[in-house]
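Down below is the structure, laid out as structure tokens.
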């Protein structure tokens, strides 16, 4: 255990979650392409598609929700003006070490990880989402694999309001992207890119899947059920922090009674 990310004073397990990313535009195009394939270009109707996606609006946390969802969570520092040169070498070294440790754990054993435990606790939530999806007349469509970008995130950098992650593509500030967490019971979260910084020159990671960019994304919760799913996931992977031991108080009264003249017999 260590205190790696965001200078947290709390011990955290360094756990890496693989993710896949696609843009909201790619998803809309996939929905239209599927409709065209089913009905033909001449008979296709997309009014319902337009209505559905036009009705999606960001759902930022209210003040009350922030107290509930983020009461015990450390915030993520604003990196709107961050550049590659601002990323310290120590941070890149720590990231590389964390990735190496995570990859060794993944290759060395098949024990239940924090991600698996979180996924198990999300079963009920996923079932509820499935029931709602069955009653809905509109079905979302995942883009083609070629449109998806691989990346990863650390558990300690996934928050209700923002998510920090690493990806193999450059994104534009303000772009709407969908982040899918590659756990046994996968789920996705709609976000907006706040900042994207190239890390290629400073990266200490030697791997075929080496990330090229560092992203800061704000959660927008465009789709129904996303907020509750993320909340349950974060609660399920929250580490047990033991209470700090109480410091032993010195016998102050004895010290007060003694002075430098005690040995003189007065």
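In our numbering, the protein residues as written are 648 to 913. The beta-carbon is built from N, C-alpha and C at its ideal position, and this holds for glycine as well.
Return yes when the Cβ of residue j is within less than 8 Å of the Cβ of residue i, no when it is not.
i: residue 667; j: residue 796; result: yes
i: residue 839; j: residue 867; result: yes
i: residue 807; j: residue 877; result: yes
i: residue 671; j: residue 825; result: yes
i: residue 810; j: residue 664; result: no
i: residue 802; j: residue 662; result: yes
i: residue 812; j: residue 798; result: yes
i: residue 805; j: residue 869; result: no
i: residue 785; j: residue 699; result: yes
Can you tell me which residues form a DSSP beta bridge with residue i?
i: residue 801; result: 663
i: residue 686; result: Answer is none; residue 686 lacks a bridge partner.
i: residue 860; result: 814, 845
i: residue 866; result: 838
i: residue 809; result: 865
i: residue 932; result: No statement about residue 932 is possible, as the shown extent of the chain runs from 648 to 913 and does not include it.
i: residue 796; result: 668
Could you pull the start and end residues of the beta strand (DSSP E) that residue i belongs to?
i: residue 826; result: 823-828
Does the Cβ of residue i have 16 or more other Cβ atoms within 10 Å, making it buried, or fewer, making it exposed?
i: residue 842; result: buried
i: residue 892; result: exposed
i: residue 873; result: buried
i: residue 674; result: buried
i: residue 800; result: buried
i: residue 684; result: exposed
i: residue 793; result: exposed
i: residue 678; result: buried
i: residue 691; result: exposed
i: residue 688; result: exposed
i: residue 889; result: exposed
i: residue 778; result: At residue 778, the pLDDT of 47 sits below 50, so the modelled position is not reliable and the matter cannot be decided from this model.
i: residue 695; result: exposed
i: residue 790; result: buried
i: residue 693; result: exposed
i: residue 759; result: Because residue 759 carries a pLDDT of 44, less than 50, the predicted location of this residue cannot be relied on, and the following value inherits that uncertainty. Its Cβ having fewer than 16 others within 10 Å, residue 759 is exposed.
Go to residue i, then tell me how far its alpha helix (DSSP H) extends in each direction, as first and last residue.
i: residue 881; result: 873-883
i: residue 694; result: 694-701
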